Structure formats: C-alpha cells, structure tokens
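Residues in the sequence shown are numbered consecutively from 1, following the UniProt record's numbering. Structure first, commentary second.
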Amino acid sequence: MFLSELYRYPVKSGQAQRLQASPVDHLGVLGDRRWMVVEEENGRFLTQRAWPQLSQLKASHVETGLLLETPGQPSLQVKMPEADDDLRGVTIWRDTLRVPDAGDEAAAWLSQMLAKPVRLVYCPPQRARYLPSGYGLNSDRAAFPDGFPFLLIGQGSLDELNRRIGRPMEMLRFRPNLVVQGSEPFAEDNWKRIRIGKLEFRLLKPSVRCIFTTLDPVTGERSPDREPLTTLKTFREKEGDVLFGQNLAVDGRGVLEVGMRVEVVE
1 MFLSELYRYP
11 VKSGQAQRLQ
21 ASPVDHLGVL
31 GDRRWMVVEE
41 ENGRFLTQRA
51 WPQLSQLKAS
61 HVETGLLLET
71 PGQPSLQVKM
81 PEADDDLRGV
91 TIWRDTLRVP
101 DAGDEAAAWL
111 SQMLAKPVRL
121 VYCPPQRARY
131 LPSGYGLNSD
141 RAAFPDGFPF
151 LLIGQGSLDE
161 LNRRIGRPME
171 MLRFRPNLVV
181 QGSEPFAEDN
191 WKRIRIGKLE
201 FRLLKPSVRC
211 IFTTLDPVTG
221 ERSPDREPLT
231 TLKTFREKEG
241 DVLFGQNLAV
251 DGRGVLEVGM
261 RVEVVE
C-alpha cells in the first residue's frame, strides 16, 4: 500500500490543493483549513452545504498568508494576522472560539464573491480547538476542519462505491487529505494505527457523510439523483449515520510525500 494522493484545503469549503509533498504536524497538513469564512453578523461558519459558490474559491497557502482567486475578480493576497490581533468570536458546529480576523480587504473581497456580508478568519496554532469529546489525546488539536486534523480514504473504497453507483464519482467530493492505494475496499475501517514514512497515525473515528458529497467539486452543482449519498445509504449507514473514510490524528511531526509506503501497525 502507498500514499497515492495528498491534499490540503487552505480555506474551509474552498477548493483543494493537490500536493506532491508537505510537512505535517498535530494540526494536519501544513496550511490545511487554517482559514474560514464566517457570517459578519454572528460569526457562524459558511460551507458549500448552503453556499455552493465557495466551490469557486481558489485559495493558495503561501508563506506570508493566503492568495485568493475566483473567476471575475482580481486576485488578493491576504497577510496572516497575528495570533492576538482583532479577535472575532466564531462558531463552527458546537465549538465557539475567538480567532484573529483577516481584515477589511479580505472581507470585502469575499463579500463581493458571495453577495453576503462575511469575514475571513484565521486559526493560529495556539488557538486551535480540542477534538470532539471522547476522541484522541489531550494534545490533539484541530483548526477549522469539521472535527479532526486528517481524513483518509482508501482508493479501493471509492472504486467499490463507483461500481455500485455505475458511474465514477470524484474523490474530491469527499475532501480527503490522504488517499491510500493498494488496500481492499473499506479495509481502513479496521485499522487502528498506520505508519506512512516515519509518521504514525491513529485512526479515531469513521467520517460521517452529508449532502456535501452530492456537490460537483469543480462546478458546485448538486447531483439530481443525490449520488453518491443515495448509494452510500444502502450499504454504509449505521445508526442513522452514513460512513465513508476515517478521521486520524498524528503522533509527532514530519513530512508526507506521495508514493510513501503505508503500513498497518495495529
């Protein structure tokens, strides 16, 4: 087995960046979901579930911050704010936290794109969230993913899903960080610890899937037949949750590179 694909999503619900290699630490792939768009009025987070226009947001992680691009607007470079500057209260699912605001220029740019008053916020390491209760170690943290620093999917699992649907679904509908080639369909359900290169990962919880998976990752258009969620419900539903992929945390820090061997430790 080997690591066949590696992704980060610099802005939560924005486009993916496909990587050949990247440093990783307890917050995930470097630059992954460190930024988030929130409503100006109440700080509640926005995603493609309700705002499919975010599928057209291309955000690139750069050393000084972020580069924002979208069709029909000039690009914008956003400087990474200091950890204690202009703190804004935000809500992501059940978590509330105070994180630095990225400034009026970024807010105006995104508000124009979405035709809605919004702000862009950043999560520095010292303001990262704890993982959902009951999962991981006290030292584990997450920035702005739904709950966990890494998401892994086996290519064999997607291949089996596509076979059942009868047409190919893009891997990016599921927004993984790590894709593993060479395992049986859904083999990752039974892994507890894996090693990729020199890094060890703990598999903490299956990923619960939602309507997000029915959005085309390029256009943001919804599948009229609600695939792949419709088919997933027929064989991957457990106690009302539809499961696909595994959430992980890492021990230590290092570098991941596409092609690295993946070993099951436990």
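Every residue gets a Cβ at the ideal spot worked out from N, C-alpha and C, and that includes glycine. Since this is a predicted model, take the numbers as computed values, not measurements.
For residue i and residue j, what's the separation of their Cα atoms in angstroms?
i           : j           : result
residue 116 : residue 197 : 44 Å
residue 46  : residue 5   : 26 Å
residue 122 : residue 215 : 25 Å
residue 53  : residue 68  : 14 Å
residue 187 : residue 157 : 8 Å
residue 18  : residue 236 : 27 Å
residue 270 : residue 44  : Outside the displayed range of the chain (1 to 266) lies residue 270, so it cannot be described from this structure.
residue 104 : residue 49  : 25 Å
residue 260 : residue 209 : 27 Å
residue 96  : residue 9   : 21 Å
residue 223 : residue 28  : 30 Å
residue 131 : residue 212 : 21 Å
residue 152 : residue 74  : 34 Å
residue 166 : residue 89  : 45 Å
residue 225 : residue 233 : 13 Å
residue 31  : residue 178 : 15 Å
residue 94  : residue 162 : 33 Å
residue 183 : residue 60  : 31 Å
residue 118 : residue 82  : 20 Å
residue 39  : residue 114 : 11 Å
Which residue or residues does DSSP assign as beta-bridge partners of residue i?
i           : result
residue 154 : 180
residue 70  : 73
residue 91  : 44 and 96
residue 59  : 68
residue 253 : Partner(s): none; residue 253 has no beta bridge.
residue 36  : 121
residue 2   : 181 and 261
residue 79  : 65
residue 137 : DSSP lists no partner for residue 137.
residue 200 : 195 and 251
residue 28  : 25
residue 215 : 222
residue 7   : 18
When you compare the CB positions of residue i and residue j, do they come within less than 7 Å of one another, or not?
i           : j           : result
residue 246 : residue 206 : yes
residue 106 : residue 78  : yes
residue 220 : residue 55  : yes
residue 141 : residue 99  : no
residue 148 : residue 33  : no
residue 228 : residue 171 : no
residue 250 : residue 199 : yes
residue 1   : residue 258 : no
residue 24  : residue 256 : yes
residue 16  : residue 7   : yes
residue 120 : residue 62  : no
residue 160 : residue 176 : no
residue 231 : residue 164 : yes
residue 84  : residue 101 : no
residue 195 : residue 202 : no
residue 57  : residue 109 : no
residue 320 : residue 217 : Any property of residue 320 remains undetermined from this structure, which presents the chain solely from 1 to 266.
residue 150 : residue 248 : yes
residue 3   : residue 242 : no
Helix, strand or coil, according to DSSP, for residue i in the structure here?
i           : result
residue 21  : strand
residue 42  : coil
residue 64  : coil
residue 226 : coil
residue 102 : coil
residue 146 : coil
residue 241 : strand
residue 117 : coil
residue 205 : strand
residue 246 : strand
residue 131 : coil
residue 221 : coil
residue 163 : helix
residue 175 : coil
residue 13  : coil
Using a Cβ cut-off of 7 Å (strictly closer), state whether residue i contacts chain B.
i         : result
residue 2 : Within the model displayed, chain B is absent; a lone protein chain is all it includes.
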